[in-house]
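Protein chains: 2
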Amino acid sequence: MLKGHRTWIFDQKPKIISTGTVGGPFEAEGMLADDFDYLHSDLWLKQDSYEKAHRVMLEEACEKAINKGDLEKEKIQLFLAGDLINQITPTSFAAETLGAPYFGLFGACSTSMEGLALAAYIVNTKGANYILTGASSHNSAVEKQFRYPTEYGGQKPPTAQWTVTGAGVAIVSDHGKGPSITSATLGRVVNMGLSDPFNMGGAMAPAAVDTIETHLKERGIDPSYYDLIATGDLGHIGREVSFDLLKKHGVAIDEKKYQDCGLMIYREKQPVFAGASGTGCSAVVTYGHLLNRMKKGEIKRMLVVATGALLSPLTVQQNETIPCIAHAVSIENEDV
Amino acid sequence: MLKGHRTWIFDQKPKIISTGTVGGPFEAEGMLADDFDYLHSDLWLKQDSYEKAHRVMLEEACEKAINKGDLEKEKIQLFLAGDLINQITPTSFAAETLGAPYFGLFGACSTSMEGLALAAYIVNTKGANYILTGASSHNSAVEKQFRYPTEYGGQKPPTAQWTVTGAGVAIVSDHGKGPSITSATLGRVVNMGLSDPFNMGGAMAPAAVDTIETHLKERGIDPSYYDLIATGDLGHIGREVSFDLLKKHGVAIDEKKYQDCGLMIYREKQPVFAGASGTGCSAVVTYGHLLNRMKKGEIKRMLVVATGALLSPLTVQQNETIPCIAHAVSIENEDV
Chain A
1 MLKGHRTWIF
11 DQKPKIISTG
21 TVGGPFEAEG
31 MLADDFDYLH
41 SDLWLKQDSY
51 EKAHRVMLEE
61 ACEKAINKGD
71 LEKEKIQLFL
81 AGDLINQITP
91 TSFAAETLGA
101 PYFGLFGACS
111 TSMEGLALAA
121 YIVNTKGANY
131 ILTGASSHNS
141 AVEKQFRYPT
151 EYGGQKPPTA
161 QWTVTGAGVA
171 IVSDHGKGPS
181 ITSATLGRVV
191 NMGLSDPFNM
201 GGAMAPAAVD
211 TIETHLKERG
221 IDPSYYDLIA
231 TGDLGHIGRE
241 VSFDLLKKHG
251 VAIDEKKYQD
261 CGLMIYREKQ
271 PVFAGASGTG
281 CSAVVTYGHL
291 LNRMKKGEIK
301 RMLVVATGAL
311 LSPLTVQQNE
321 TIPCIAHAVS
331 IENEDV
Chain B
1 MLKGHRTWIF
11 DQKPKIISTG
21 TVGGPFEAEG
31 MLADDFDYLH
41 SDLWLKQDSY
51 EKAHRVMLEE
61 ACEKAINKGD
71 LEKEKIQLFL
81 AGDLINQITP
91 TSFAAETLGA
101 PYFGLFGACS
111 TSMEGLALAA
121 YIVNTKGANY
131 ILTGASSHNS
141 AVEKQFRYPT
151 EYGGQKPPTA
161 QWTVTGAGVA
171 IVSDHGKGPS
181 ITSATLGRVV
191 NMGLSDPFNM
201 GGAMAPAAVD
211 TIETHLKERG
221 IDPSYYDLIA
231 TGDLGHIGRE
241 VSFDLLKKHG
251 VAIDEKKYQD
261 CGLMIYREKQ
271 PVFAGASGTG
281 CSAVVTYGHL
291 LNRMKKGEIK
301 RMLVVATGAL
311 LSPLTVQQNE
321 TIPCIAHAVS
331 IENEDV
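These protein sequence lines map, in sequence, to chains A and B. Per the UniProt record's numbering, the first sequence starts with residue 1, numbered consecutively. Per the UniProt record's numbering, the second sequence starts with residue 1, numbered consecutively.
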């Protein structure tokens with residue numbers, strides 16, 4: 001089960017039996033529009049606040065996953081989820097609608113894999129038969145909270161990232177069909193002393209490297225074991241920094257097989273600075289696009305390394321550095 | 001392992017082998033001063049912000065627990081913790097200091113038992129040998145964030161509660177001595193439509209009742225099985241409402257054995273309105289006072305039901321109701 005200090009091996013091969021992914025209008029113009037279950041043309045989702053829109057998006061993703069999995073919501077024994085909004089209220093309200101037992105998580109943009117690792121662990125050890133896990137973010141709700149009202153038209157440097165409007169969830173079960181979750185390596189906080197909230201990719205890169213190296217070492221495998229190592233969300237800068245760091249540390253990864261969720265979701269012409277980010281980003285890319293690629297047989301084994309910058313507007317104002325973390329989960333499709 | 005829909009039975013009897021509890025000057029004047037490992041006379045802990053003081057307090061509690069457990073910090077395989085501050089930054093910074101793998105949790109004042117339930121589950125199923133889990137809050141950091149600057153002298157109604165300044169953590173292990181964690185019942189969100197942030201006890205009471213009833217039913221036990229059912233933190237109003245509700249539902253609990261962490265920590269003369277609350281409250285009361293009572297043989301079996309009001313200042317401003325949750329963990333001392 002536990003291998004080394006930080007890696008769990010899931011010998012019972014819990015499966016992702018269903019997923020739900022919902023996005024907004026900006027995501028509808030992106031590269032992965034076809035991979036969403038539902039895309040909204042209205043950023044408000046007919047609600048009177050962005051936070052309510054955020055909640056509705058997550059509720060829809062949960063409902064989609066439950067319906068696609070041909071389940072009733074009463075079957076769900078645990079909901080493991082979180083978001084970026086203060087006190088993760090959109091997720092807690094969605095938990096109320098779902099009605100399942102609920103553990104709120106906070107891992108910023110690493111939440112997707114914090115939840116998937118825990119879900120796989122608990123299903124693997126028979127603590128639940130069906131766990132719903134996921135993460136979500138809403139661009140405007142996050143901008144309002146972390147930065148300035150968008151109406152101010154504040155300028156951003158090219159190192160900034162664009163928060164995804166999206167909710168991605170998965171149902172993990174010991175019953176049914178789907179790709180297996182085979183292992184997880186738990187992240188620890190890595191803080192290299194960077195403090196620029198407009199360069200989170202650069203800040204998070206060392207955390208991703210720490211987790212990837214630990215994962216390969218503790219599992220005793222080579223990077224070539226995976227068809228894809230997908231970080232999320234480092235953007236252009238963080239991806240480059242982390243790739244260089246890995247190379248320096250002697251971890252030889254084929255550059256084509258080392259990709260970032262934050263660089264997959266939008267088109268080049270979309271003005272997203274260094275790439276996408278947000279709690280929902282790695283969730284929708286993994287549970288939508290990457291699992292679809294698995295279904296098509298394009299990927300057999302992948303490692304998703306969700307990275308989180310655990311800052312807040314207050315820690316930025318107080319001149320704190322940015323504590324970062326990355327959790328890695330390996331998903332393998334044995335049917336292909 | 002899983003019993004019913006929401007209860008985990010821990011057949012391997014993971015143990016609480018060590019604890020750390022730190023409090024502030026107001027707690028030093030309270031009823032449980034002798035149960036803290038360390039009490040600060042300075043609310044600032046010599047830091048230049050309340051949030052930094054909050055972080056230091058949690059770091060001290062972790063260090064205390066590790067030292068008392070005669071461990072090195074490198075032995076800790078997982079840190080499961082959270083607090084009330086936006087993006088739980090004090091906990092994330094403490095996780096950096098600790099250096100262990102880290103899953104951030106958010107369950108407001110239910111976080112203590114969210115963490116203990118998960119820690120016990122993971123140790124029980126051999127996913128880790130040593131997990132450090134806990135919760136903390138700092139009165140002034142919370143007041144600043146959730147209410148008004150204290151300098152305004154804003155008036156509060158008698159239904160309000162007083163946020164504890166304290167950090168309480170426990171080390172859960174399959175090695176060593178200490179009381180056993182025997183089961184946990186996971187909470188689901190219960191929202192009766194109350195929206196007054198100055199009466200969280202009343203709002204949370206139905207969530208506590210839901211979890212207690214489910215726990216007794218799924219474990220197939222009578223309330224008299226426990227020497228103590230300790231809710232945390234309902235305060236006077238929530239305790240009374242929940243006790244009446246349980247009685248109405250036919251759950252006969254001896255009133256002396258139904259107590260609230262929020263009513264234990266301070267003296268009657270301390271001006272805490274309806275009682276204490278805050279993420280740290282049930283953590284310090286459980287890991288300090290209640291475990292000390294267990295050691296003395298005064299309690300053999302107890303159920304700690306940590307309750308959380310999953311609101312935020314923004315949801316209050318947006319006229320939302322308060323989603324509430326309660327997680328229950330049973331701790332039994334078989335050596336007494």
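Glycine residues also receive a C-beta, built at the ideal position from the N, C-alpha and C atoms. Since this is a predicted model, take the numbers as computed values, not measurements.
Residue i classed as buried or exposed, judged by whether at least 16 other C-beta atoms fall within 10 angstroms
i        : result
Asn319/B : exposed
Ala230/B : buried
Arg267/A : exposed
Lys269/A : exposed
Gln317/B : exposed
Gly153/A : exposed
Gln87/A  : buried
His327/B : buried
Glu332/A : buried
Lys15/A  : buried
Gly24/A  : buried
Gly35/A  : The sequence shown places Asp at residue 35/A, rather than the Gly named in the question. Buried, by the Cβ-count rule.
Per-residue contacts from residue i into chain B (C-beta, under 9 Å)
i        : result
Tyr121/A : Tyr121, Ile122, Thr125 and Gly127
Leu314/A : Ser49, Glu51, Ile85, Asn86, Gln87, Thr89 and Gln145
Cβ of residue i within 9 Å of any chain A Cβ
i             : result
Lys15/B       : no
Leu84/B       : yes
His138/B      : no
Ser195/B      : no
Ala108/B      : yes
residue 356/B : The structure shown does not extend to residue 356/B, since chain B is modelled only from 1 to 336, so the question has no answer here.
Phe273/B      : no
Gln318/B      : yes
Gly104/B      : yes
Asn191/B      : yes
Gln12/B       : no
Leu216/B      : no
Gln77/B       : yes
Which listed residue (the options) has its alpha carbon closest to that of residue i
i        : options                                   : result
Glu59/B  : Val305/B, Val169/B and Leu194/B           : Val169/B
Arg6/B   : Lys75/A, Ile66/A and Leu39/A              : Lys75/A
Ala205/B : Asp222/B, Gly232/B, Leu186/B and Ala117/B : Gly232/B
Lys3/B   : Ala81/B, Lys296/B and Thr214/B            : Thr214/B
Ser224/B : Gly202/B, Gly166/B, Thr211/B and Ile253/B : Ile253/B
Tyr130/A : Val190/A, Glu27/A and Ala65/A             : Ala65/A
Lys144/A : His40/A, Thr163/A and Gly127/A            : Thr163/A
Leu105/A : Met200/A, Gly115/A, Thr97/A and Glu96/A   : Gly115/A
Leu71/A  : Leu132/A, Lys300/A and Lys13/A            : Leu132/A
Ile322/B : Asn199/B, His175/B, Ala61/B and Ala184/B  : Asn199/B
Asn124/A : Phe273/A, Ser180/A, Ala108/A and Glu96/A  : Ser180/A
Thr279/A : Asn333/A, Thr165/A and Gly235/A           : Thr165/A
Lys126/B : Cys324/A, Cys261/A and Met1/A             : Met1/A
Thr19/A  : Thr286/A, Ala95/A, Val142/A and Ser242/A  : Thr286/A
Neighbour flag for residue i against chain B, beta carbons, 9 Å
i        : result
Gln161/A : no
Met1/A   : yes
Asp134/A : As written in the sequence, residue 134/A is Gly, which differs from the Asp given in the question. Not an interface residue.
Glu213/A : no
Leu71/A  : no
Leu58/A  : no
Gln270/A : no
Leu118/A : yes
Leu310/A : yes
Leu45/A  : no
8 Å contact criterion, which residue i and residue j should meet: CB distance rounded
i        : j        : result
Ser140/B : Leu43/B  : 6 Å
Val329/B : Ala120/B : 7 Å
Gly201/A : Gly275/A : 7 Å
Proximal chain A residues relative to residue i, where beta-carbon distance stays under 8 Å
i        : result
Pro101/B : His5, Arg6, Leu186, Gly187 and Arg188
Chain E contact for residue i (CB, 9 Å cutoff)
i       : result
Phe26/A : Of the protein chains in this structure, namely A and B, none is chain E.
Residue i: CB within 8 Å of a non-hydrogen atom of the ligand FAD
i        : result
Ala119/B : In the structure on display, the ligand FAD does not appear, and there are no ligands present to speak of.
Within chain A, the residues that residue i reaches when beta carbons sit closer than 7 Å
i       : result
Phe93/B : Pro323
Glu96/B : Val189, Asn191 and Pro323
Contact list for residue i against chain B, beta-carbon separation under 8 Å
i        : result
Glu114/A : Phe103 and Gly104
Chain-ordered neighbours of residue i on chain B, where CB pairs are closer than 7 Å
i        : result
Leu303/A : Neighbours of Leu303/A on chain B: none; closest Cβ ~17 Å, over 7 Å.
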